[in-house]
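First up is the structure itself, then whatever we jot down about it.
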Amino acid sequence: MRGKIIKGIAGFYYVHDGISQVYECKAKGVFRSRKIKPLVGDDVEFTVLDEKEQTGNITDILERKNELIRPAVANIDQTMIVFAVTDPEPNLNLLDRFLVTMEMQGVPAVICFNKMDLGTGERERELRQIYEAAGYSVYFTSANDKESVSMVRELLKGKTTALAGPSGVGKSSLTNQIQPEAAMETGAISEKIRRGRHTTRHSELFFVEPETFVMDTPGFSSIYVESLKPEELSGYFPEFEDFVPDCRFLGCVHVGERECGVKEAVKEGKLAVSRYENYRLIYEELKNKRRY
Numbered sequence: 001m002r003g004k005i006i007k008g009i010a011g012f013y014y015v016h017d018g019i020s021q022v023y024e025c026k027a028k029g030v031f032r033s034r035k036i037k038p039l040v041g042d043d044v045e046f047t048v049l050d051e052k053e054q055t056g057n058i059t060d061i062l063e064r065k066n067e068l069i070r071p072a073v074a075n076i077d078q079t080m081i082v083f084a085v086t087d088p089e090p091n092l093n094l095l096d097r098f099l100v101t102m103e104m105q106g107v108p109a110v111i112c113f114n115k116m117d118l119g120t121g122e123r124e125r126e127l128r129q130i131y132e133a134a135g136y137s138v139y140f141t142s143a144n145d146k147e148s149v150s151m152v153r154e155l156l157k158g159k160t161t162a163l164a165g166p167s168g169v170g171k172s173s174l175t176n177q178i179q180p181e182a183a184m185e186t187g188a189i190s191e192k193i194r195r196g197r198h199t200t201r202h203s204e205l206f207f208v209e210p211e212t213f214v215m216d217t218p219g220f221s222s223i224y225v226e227s228l229k230p231e232e233l234s235g236y237f238p239e240f241e242d243f244v245p246d247c248r249f250l251g252c253v254h255v256g257e258r259e260c261g262v263k264e265a266v267k268e269g270k271l272a273v274s275r276y277e278n279y280r281l282i283y284e285e286l287k288n289k290r291r292y
């Protein structure tokens, strides 16, 4: 039989058959000798050992279309990066780091600003302008709003989607609305530090409908862009591309150079100041790391 790994805990892998059944499986020892570890999201071949107990063995891991390191998951079609409009206030530096990470791994990303019922129209326009100008699809949602939940379901349809973002922004609440059987623990915002408590403790795919899976991931309070040369970073800010030809020097990194098309575009309001400042911060971080 063929199925998809939706969860892995303590050496057991839970395989959904794509219809309605989940089998508790062990991976054959041959994978260890091949140094292949099954991942959540893997499409696998498995044999059923006991239909009543719903147990089986994974016999083969099919070719992966991609593999993410953090979270450790395979075959993701898209990432929905979820931040709150407010409560907590969106950390745009962290959001931009998520976007760079997804660009590096070649995974399409859409941005979802949740808790729109707590925000203002002006804030929504500001956030939409920043990220649509960068080439991303931007959506505003509320887990309590049926229309926005239906919109999210359409975005997810026919895809395996990872929900990413910090704790406390409502990822689990959205998951519960999309697939109530997920029964995710939602947790409350800490009044003391205004950050979400970490409630999702492992990566797990939830079956929504045929060919549609959604994964909630442990919330991140920080993310570090690694395995990237400083001079490569600008390639992961898509909106910079139109202004690079206006740079005087070949190989301009858009930080210290005087005649720089990207910096000029920021001054003229053609590029978002926040995006450029976050680019500069990540660039300096990569540059300083390279010295050691």
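Counting from 1, position 145 in the sequence shown corresponds to residue 145 in UniProt numbering; the numbering is continuous, with no gaps. All residues carry an ideal CB built from backbone N, CA and C; glycine is no exception.
Distance from the CA of residue 9 to the CA of residue 22, rounded to the nearest whole angstrom, comes to 14 Å.
Here DSSP, grouped into helix, strand and coil, assigns residue 12 to strand. Scanning 98, 101, 100, 141 for the CA closest to the CA of residue 118 turns up 141.
Under the three-state reduction of DSSP output, residue 176 falls in the helix class. For residue 78, the uninterrupted beta strand (DSSP E) segment begins and ends at 78 to 84.
Residue 205 places its beta carbon less than 9 Å from that of residue 16. Going by C-alpha positions, residue 79 is about 23 Å away from residue 19. With respect to residue 38, residue 94 sits apart: the two C-beta atoms are not nearer than 9 Å. Around the CB of residue 210, fewer than 16 other CB atoms lie within 10 Å, so the residue is classed as exposed.
The beta carbon of residue 73 lies closer than 7 Å to those of 39, 40, 41, 162, 203, 215 in the same chain, with the five residues before and after it left out. DSSP assignment within the region 110 to 172 yields the following whole alpha helix (DSSP H) runs of 4 residues or more, N-terminal first: 121 to 132, 146 to 156.
With contact defined as three or more Cβ pairs closer than 8 Å, the region 172 to 181 and the region 125 to 139 are not in contact. Comparing C-alpha distances from residue 227 to each of 278, 56, 283, 264 shows the shortest one belongs to 283.
Sequence-distant Cβ neighbours of residue 130 in its own chain, meaning closer than 8 Å and more than five residues away, are 92, 272, 274, 275.
Shown here, residue 57 sits in a strand according to DSSP, grouped into three states. Here residue 46 is buried. Its C-beta has 16 or more other C-beta atoms within 10 Å.
With respect to residue 60, residue 3 sits apart: the two C-beta atoms are not nearer than 9 Å.
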